[in-house]
Amino acid sequence: MNKKITFLGIETSCDETAAAVIRENEKGTADILSNVVSSQIEEHKEFGGVVPELAARAHLENIEFIIDKALKDSKISLKEIDGVAATAGPGLIVCLTVGLNIGKSIAAFSNKPFVGVNHLEGHALSPGLENKIKFPYLLLLISGGHTQYLIVRDVNHYEQLGTTIDDALGEAFDKTAKMLDLGYPGGPAVEKFSKLGEKDYFKLPEPIINKAGCNLSFAGLKTAVLRESKKINNDEKLKYNLAASFQNTINKILYKKTKIAIQEFKNKTKEKKVQLIVAGGVAANKSIRENLTALSKEINCKTIYPDLKFCGDNAAMIAWAGIKRFKKNLIDNIDISAKSRWPLDSNAPYMKGPGLKL
Ligand SMILES: Nc1ncnc2c1ncn2[C@@H]1O[C@H](COP(=O)(O)OP(=O)(O)OP(=O)(O)O)[C@@H](O)[C@H]1O
Ligand SMILES: [Mg+2]
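Under my numbering, the first residue of the sequence shown is numbered 1, with each subsequent residue one higher.
Encoded structure:
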């Protein structure tokens with residue numbers, strides 16, 4: 001019987017301080033021995049967004065306690081762990097450095113292998129914690145900093161089909177919540193209040209919907225929400241209508257662009273039956289899930305979502321990516337440093353900024 005690998009994972013790339021102990025199981029999925037996440041909602045609420053210096057300080061204050069708790073909850077000792085994984089990027093350097101340095105130190109003093117994980121690979125492989133998934137699959141990664149369609153051919157093997165040319169989807173949700181004064185964190189607030197409004201009340205733009213393949217754009221939509229929000233004079237009903245119309249427009253955009261991405265995936269992989277995996281913080285949005293599940297039924301593809309606790313940032317997905325990389329011998333040296341930008345597909349064109357040709 002093959003030895004089942006166990007990893008300690010550490011995540012501090014943005015505003016969650018997290019540690020987890022994960023072990024592979026017989027089913028090819030993961031046993032979650034512990035999963036501790038401390039969110040910094042209170043620290044950043046007043047500012048309506050993440051303040052890097054405050055986030056880094058909170059990570060420093062909490063990280064030892066969180067790792068200690070993850071180890072205690074797991075009921076196994078550091079000796080029984082096969083390796084340590086910590087997020088090495090992309091993210092805020094001042095935040096990444098906290099988890100990365102402590103992860104490297106634990107690995108060094110306990111003489112264990114160390115894996116520096118790409119946070120996006122953590123999201124990309126996260127549904128595998130609970131589902132046995134075969135490669136290749138189509139990934140829609142929707143998070144606070146990224147929005148991408150990728151072919152996941154294997155661990156460490158990604159091909160980008162499309163990306164946002166401006167804002168990330170999570171960012172668009174957060175900014176909409178801020179403009180409508182719906183509360184923080186923004187994504188869940190928009191989802192909650194959109195249920196109280198009429199989804200077809202405002203006609204909002206769907207930028208680049210009929211061009212640029214499965215690339216996406218949300219900046220024009222955000223500007224339209226800003227323009228409409230100035231006209232509603234704090235009328236609660238209109239505010240909810242605007243939130244509902246925003247959510248509905250996102251659903252329409254994702255429906256159309258995902259359909260294109262599925263076709264591109266089929267063309268490139270020659271797979272007949274497509275598995276669509278939706279991951280990242282925004283994948284927690286139930287309306288988006290229902291919308292993409294409806295699309296997948298229509299075109300006979302299989303849709304898989306991570307459990308809600310694995311959508312937002314967590315260390316279980318980092319430990320899991322660590323195990324997957326370790327098994328492929330993708331182990332890092334202790335001098336690995338934090339990276340603020342780290343695309344999964346290093347050959348993908350950079351799509352943001354001036355000079356972009358659509
Ligand atoms: N129910 C929801 N509906 C819409 N958006 C949501 C929901 N829940 C969380 N989000 C959004 O998800 C984002 C956070 O996701 P995540 O933690 O994966 O992002 P991040 O780690 O900051 O960015 P990245 O993973 O790209 O580095 C936020 O923008 C948040 O508003
Ligand atoms: Mg994330």
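Every residue, glycine too, gets a C-beta built ideally from N, C-alpha and C. No experiment lies behind these values; they were computed from the predicted model shown.
| Item | Value |
| --- | --- |
| Contact defined as beta carbons within less than 8 Å: I believe P205 pairs with A219. What is the distance between those atoms, to the nearest angstrom? | Their Cβ separation, rounded to whole angstroms, is 10 Å, which puts P205 and A219 out of contact at 8 Å. |
| Does DSSP put F135 in a helix, in a strand, or in coil? | coil |
| Enumerate in chain order the residues of its own chain whose CB-to-CB distance from N300 is below 8 Å, with the five nearest sequence positions on each side excluded. | K273 |
| Specify, as a first and last residue, the run of the beta strand (DSSP E) that T97 falls within. | Here T97 belongs to no beta strand (DSSP E); instead the alpha helix (DSSP H) covers 93-109. |
| Report, in whole angstroms, the separation of the C-beta atoms of K239 and L180, which I expect to be a contact under 8 Å. | 5 Å |
| Ignore the nearest five residues each way along the sequence and tell me which others in G312's own chain have a CB closer than 6 Å to its CB. | G281 |
| So, are the CB atoms of S126 and A279 less than 8 Å apart? | yes |
| Decide yes or no for the touch test of the stretch 234-252 against the stretch 109-124: beta carbon pairs closer than 8 Å, at least 3 of them. | no |
| Nearest to L35 by CA position, among E43, I41, H44, E16, is which residue? | Strictly speaking, residue 35 in this sequence is Asn, with Leu absent from that position. Here the closest residue by C-alpha is E16. |
| Considering Cα atoms alone, identify which of E191, K324, F173, N234 is closest to K222. | F173 |
| Hey, G91 and W320 are a contact pair by Cβ (cut 8 Å); roughly how many whole angstroms apart? | 18 Å between Cβ atoms; not a contact. |
| Measure how close the beta-carbons of E191 and T29 come, nearest whole angstrom, since I'm counting them as under 8 Å. | Not a contact, Cβ separation roughly 28 Å. |
| In three-state DSSP terms, what is R57? | helix |
| Taking 7 Å as the cut-off, does the CB of S143 come closer than this to any heavy atom belonging to ligand 2? | yes |
| Just verifying my parser: in three-state terms, what is the DSSP assignment at T12? | coil |
| The beta strand (DSSP E) spanning D31 covers which residue range? | 30-39 |
| Please name the residue or residues paired with D335 in a DSSP beta bridge. | Looking at the DSSP assignment, D335 forms no beta bridge with any residue, so it has no partner. |
| Leaving out five residues before and five after T269 in sequence, what residues of the same chain have Cβ atoms less than 7 Å from its Cβ? | P136, I151 |
| If contacts are defined as beta-carbon pairs under 8 Å, then V94 and E53 qualify, I think. What distance do you get, rounded to the angstrom? | 7 Å |
| Given 8 Å as the limit, is there contact between the stretch 158-171 and the stretch 258-269, that is, 3 or more CB pairs closer than that? | yes |
| By DSSP's criteria, Q275 is part of a beta bridge. Which residues make up the other side? | K302 |
| Run the CB neighbour count on D166, radius 10 Å, all protein chains shown included, and call it buried at 16 or more, exposed below. | buried |
| May I have the straight-line CA-CA distance separating N210 from K257, to the nearest angstrom? | 9 Å |
| Tell me, which residues are paired with R23 by DSSP? | T6, D31 |
| I'd like to confirm the pairing. Which residues does DSSP put opposite Y158 in its beta bridges? | V152 |
| Since A18 sits in a beta bridge, which residues does DSSP pair it with? | E11, V37 |
| What's the gap between the Cα of Y350 and the Cα of G213? | 15 Å |
| State yes or no: is the C-beta of D167 nearer than 7 Å to some heavy atom of ligand 2? | no |
| From the DSSP output, read off the bridge partner residues of L140. | Y149, V278 |
| Given the structure, does H59 come close to ligand 1, in the sense that its CB is under 7 Å from one of the ligand's heavy atoms? | no |
| Checking the sheet assignment: what are the DSSP bridge partners for N118? | G89 |
| Drop a sphere of 10 angstroms on the beta-carbon of K230, count the other beta-carbons inside from all chains shown, and report buried for 16 or more, exposed for fewer. | exposed |
| Quick one: what's got a C-beta closer than 6 Å to K45's C-beta in the same chain, skipping five residues either side? | Y184 |
| Return yes when the Cβ of A315 is within less than 8 Å of the Cβ of G9, no when it is not. | yes |
| For G220, name the three-state secondary structure that DSSP assigns. | helix |
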